[in-house]
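S.K.: Residues in the sequence shown are numbered consecutively from 1, following UniProt numbering.
Okay, here's the structure, questions in a sec.
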Amino acid sequence: MRVVMFGYQTWGHRTLQALLDSAHEVVLVVTHPKSDHAYERIWSDSVAELAEAHDVPVLLRNRPDDEELMVRLKEAEPDLIVANNWRTWIPPEIFNLPRHGTLNVHDSLLPAYAGFSPLIWALINGEKEVGVTAHMMSDELDAGDIVVQRAVPVGPQDTATDLFHRTVDLIAPIVTEALDLIDSGRTDWTPQDRSKASFFHKRSIEDSNIDWSWPAEDIERLVRAQSDPYPNAFTHYRGERVRVLKASVSQGIYGGTPGRIFIREGDGVVIVAGAEARRGRSHGLVIERVRTEDGTDLPATELFRTMGGYLTRRP
């Protein structure tokens, strides 16, 4: 098959490499220009550089909405478009152009966690597994029939970084299997159960700002979800931003006002957490390691030397 690829960052890079390693011909690559967005500076392997190294023509676009792109796509005469981590809507005149349509590769177990940053949202929400889905593109974003789907478990100490590496390794075998199925003439794909669908927005820095009214269990997962190299979960102490690098749920039950710096436990300092903390029914969050605004990493016990005072969402 003649294949056109739309993609960006490491997800797109892995997809393009799988296409280049296949028996199919990659005739054009469309990718985004480099971005300064915090979440796009990481996992930023260049799709353009990989394509150019294999003499594949490259077009840089923020959105696929110009006449030149349509002309180039028609000239390429693709049998299939494959997309992974393309950041804007692809219109029907493009995704329906090839005779086999467009295969989209998305790093969630669709129909859940359509949209952006699915691994981070899934970890925050305590999902037991995550995965990758290859599906045929349709009018509704991430809603088309499923061709191949694979899952991996989420462990109790896993970070979003762990899950990234585990799921990105699924891309090549999933793309290879999906292309073989499509090339064989199969079209009997699995419709998504739209009653189980969810759609998430792009994450921003504010989404990493700790809300101490959340249960400690949820905040602990937020800390793991915002692990390096992602922008870390953070709070404010004495007017300065403090990034939380490592935390756990307290053994004890601690009552009071959420955000209160309360007591030492184990290797860290307990922060009162949870909307029901005032009733004395909640565990606290034990902060164990932090990063200060100047980039210094240190044990939380060295930053919070005295108990009392509050951690807040604003300076």
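Ideal placement from N, C-alpha and C gives every residue a C-beta, glycine not left out.
Quick one, which of His37, Leu181, Ile124, Val26 has its alpha-carbon nearest Thr159's?
M.R.: Ile124
S.K.: Give the DSSP-derived three-state secondary structure of Thr159 in the structure shown.
M.R.: coil
S.K.: Bridge partners of Phe6, per DSSP?
M.R.: Val30, Ala83
S.K.: Can you find the residues in the same chain that come closer than 7 Å, C-beta to C-beta, to Ala18, ignoring five residues on each side of it along the sequence?
M.R.: Ile171, Ala172, Val175, Thr176
S.K.: Using a Cβ-Cβ cutoff of less than 7 Å, which residues in the same chain neighbour Glu40 once the five nearest sequence positions on both sides are dropped?
M.R.: The beta carbon of Glu40 sits closer than 7 Å to those of Gln9, all from its chain and outside the five residues before and after it, given in chain order.
S.K.: Can you list, in chain order, the residues of its chain whose CB lies under 7 Å from that of Leu20, leaving out five sequence neighbours each side?
M.R.: Val26, His54
S.K.: Just to confirm, is the Cβ distance from Ala273 to Gly255 under 8 Å?
M.R.: no
S.K.: Can you tell me which residues form a DSSP beta bridge with residue 316?
M.R.: The structure shown has nothing for residue 316, since the chain only spans 1 to 315.
S.K.: According to DSSP, is Gln17 part of a helix, a strand, or is it coil?
M.R.: helix
S.K.: Going straight from the alpha carbon of Lys128 to that of Thr301, what length do you get?
M.R.: 32 Å
S.K.: Among Arg238, Val168, Asp139, which has the Cα closest to the Cα of Arg150?
M.R.: Proximity to Arg150 across Arg238, Val168, Asp139 peaks at Val168, based on C-alpha coordinates.
S.K.: Which runs of the beta strand (DSSP E) at least 3 residues long sit entirely within the UniProt domain "Formyl transferase C-terminal" (206–306)? Give them in chain order.
M.R.: Under the rule that a run must span 3 or more residues, the beta strand (DSSP E) segments found entirely inside the UniProt domain "Formyl transferase C-terminal" (206–306) read 234–237, 240–253, 261–265, 268–271, 283–291, 297–299.
S.K.: What are the boundary residues of the alpha helix (DSSP H) that includes Leu181?
M.R.: Here the alpha helix (DSSP H) through Leu181 covers 171–183.
S.K.: Nearest to Ile210 by CA position, among Asp145, Tyr310, Met136, is which residue?
M.R.: Tyr310
S.K.: Tell me the DSSP secondary structure of Gly12 in three-state form.
M.R.: helix
S.K.: Would you mind sorting Ile253 into buried or exposed? The rule is 16 or more other CB atoms within 10 Å of its CB.
M.R.: Exposed is the call here.
S.K.: Quick one: using the 10 Å Cβ neighbour count with 16 as the cut-off for buried, is Glu276 buried or exposed?
M.R.: Label assigned to Glu276: exposed.
S.K.: How far does the alpha helix (DSSP H) with Val71 in it reach, from first residue to last?
M.R.: 67–76
S.K.: If you check the beta carbons only, do Gly115 and His201 fall under 8 Å apart?
M.R.: yes
S.K.: For Ile287, collect the residues of the same chain with a Cβ closer than 7 Å to its Cβ; drop the 5 residues on either side in sequence, then sort them by chain order.
M.R.: Val244, Ala247, Gly268, Val269, Ile271, Ala300
S.K.: Does Asn104 pass the burial test, meaning 16 or more other C-beta atoms within 10 Å, or should it be called exposed?
M.R.: buried
S.K.: Between which two residues does the beta strand (DSSP E) containing Leu97 stretch?
M.R.: Where Leu97 is concerned, there is no enclosing beta strand (DSSP E), given that its DSSP letter is neither H nor E.
S.K.: Looking only at its chain, what residues have a beta carbon closer than 7 Å to the beta carbon of Ala38, apart from the 5 residues adjacent to it on each side?
M.R.: Ile205, Pro231
S.K.: Along the chain, where does the alpha helix (DSSP H) containing Leu110 start, and where does it finish?
M.R.: First-last for Leu110: undefined, no H or E at that position.
S.K.: CB-CB under 7 Å to Thr133, same chain, minus the five flanking residues each way: which ones, in chain order?
M.R.: His106, Ser108, Leu109, Leu110, Ile146, Gln149
S.K.: Round the Cβ separation of Arg241 and Glu293 to the nearest angstrom and send it over; I've been treating them as touching at under 8 Å.
M.R.: 5 Å
S.K.: Near Gln251, what residues of its chain come up, given a Cβ to Cβ distance below 7 Å and the 5 sequence neighbours on each side ignored?
M.R.: Glu265
S.K.: Let me confirm a value: Met307 is counted as buried when at least 16 other C-beta atoms fall within 10 Å, else exposed. Which label applies?
M.R.: exposed
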